[in-house]
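Read through the structure below, which is laid out as structure tokens, and then see the notes.
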Amino acid sequence: MSSKRKLKKAVKNICGDLFADCVALSMCQPENDEKLKELMTMVMATYQDYVARLSHVEKGQEKVFFKKLRAEFTQQANKLSDEIIKA
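Using UniProt numbering, read the sequence shown as starting at 1 and increasing by one per residue.
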């Protein structure tokens with residue numbers, strides 16, 4: 001279960017960094033406040049989704065499950081990061 005714990009921490013740290021970036025941008029660019037609030041909501045929803053998925057691992061297919069989940073999360077985090085940069 002060490003892998004599950006480490007992955008949850010990684011998801012938390014990455015989503016926390018993305019959220020902090022949104023907060024910093026909202027302070028620097030108040031004109032984009034609505035877009036940034038939407039992005040913050042998306043970051044929180046992503047965090048909740050992936051932590052919930054990590055809590056319910058399919059027995060017998062752990063390796064495949066974690067590999068797929070890591071790939072999906074990386075793709076989602078990159079997408080959110082790109083949207084934050086554009087905002």
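For each residue, glycine too, the CB sits at the ideal point set by N, CA and C.
Worksheet entry | Proximity winner among 18, 48, 3, 10, relative to residue 82 (alpha-carbon distances) | 18
Worksheet entry | Endpoints, the alpha helix (DSSP H) within which residue 45 is located | 33-55
Worksheet item: residue 80 and residue 43 look like a contact to me (Cβ under 8 angstroms); what is the Cβ gap, rounded to whole Å?
Response: 6 angstroms
Worksheet entry | Which of helix, strand or coil DSSP assigns to residue 58 | coil
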